[in-house]
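Numbering (the working numbering), first residue to last: 1 to 327.
Idealized CB from N, CA, C, for every residue including glycine.
Here the structure comes first, spelled out in structure tokens, and everything after it is commentary.
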């Protein structure tokens, strides 16, 4: 560390890399600046004087753009600030990525349908069929798949991707999980109209997603769960998702009172029934043997965390130029 001077300890860690705080700050500034410049005005313009279907298309465009920005800045930060490969963030196509994704999708489906079932048998909601032309249904299906996949990808990359993983290097897994989950609950809960339970439930979701990542070192499982429960709740059930309402759904769920049980305008995931099921799901993912890290991901993460970011010439092997393998 002395190679860089006495101020190096403020900025650099033991492998001659920017400390976690500066890397997170860099990523955050890039993301916030870009999203504000590109999407804040665009969202207002696209929403004005638009039909319901057009608003869904507009939301798809915005979420696709946000996901693309998150993917790009994740790749850029890993390459420049970490000198790591993109797959180290947890999106490697390893031997069990399909199983992890499917497990997440099925878990999300069971959760969404279980919330609906208990609300229905309790008499808190009624379910009505909707009628739409085949062409409208086909377009609505494609829009819903794209919209919720892009929204899930963006949220996982932001809250369980580069920021959380970088924070965990400096603060540890538990502190990083608590901090990012609370931030996730507050961020998503902005549409909860001031009620606290949706914020708590969303934070519980954050804990579940984080546990899934840390137990697999992969984002496929939380991505699958995130996409599945949102898609089913919106497309099949016809309920709001974090306050977002789409134009097309197979069924329409009409909610009664009290809102603290049904979730109100925030969505079924913001109510008391969801709280109980989320606590059960939290326990399950923390104990289930279905969540395990593969040898491929173990090697990828070990290499990413142990390979020096910079080697002074005095420490470089004579036969090596000291550079890592490129992406």
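For residue 174, the uninterrupted alpha helix (DSSP H) segment begins and ends at 173-188.
The Cβ atoms of residue 225 and residue 90 lie no closer than 8 Å to each other. For residue 230, the uninterrupted alpha helix (DSSP H) run begins and ends at 220-231, by DSSP. Approximately 5 Å separates the beta-carbon atoms of residue 243 and residue 266; this is inside 8 Å, confirming the contact.
DSSP places residue 241 outside any beta strand (DSSP E), giving it a letter other than H or E. Across the structure, residue 147 and residue 253 are spaced so that their CA atoms are roughly 20 Å apart. Straight-line measurement puts the Cα of residue 200 at about 8 Å from the Cα of residue 275. The Cβ neighbour count for residue 152, taken over all protein chains shown within 10 Å, is at least 16; the residue is labelled buried. Straight-line measurement puts the Cα of residue 54 at about 20 Å from the Cα of residue 236.
Rounded to whole angstroms, the Cβ separation of residue 210 and residue 292 is 16 Å, and the two are not in contact under 8 Å. In this structure, DSSP gives residue 290 a state outside helix and strand, which the three-state scheme calls coil. Residue 220 has its alpha-carbon roughly 7 Å from the corresponding atom of residue 104. Going by DSSP, residue 127 is part of no alpha helix (DSSP H) but of the beta strand (DSSP E) stretching over 125-129. In the DSSP assignment, residue 98 falls within the alpha helix (DSSP H) that extends over 97-121.
When DSSP states are grouped into helix, strand and coil, residue 263 belongs to the coil group. The alpha-carbon of residue 126 is positioned some 7 Å away from that of residue 255.
Per DSSP, the beta bridge partners of residue 252 are 128.
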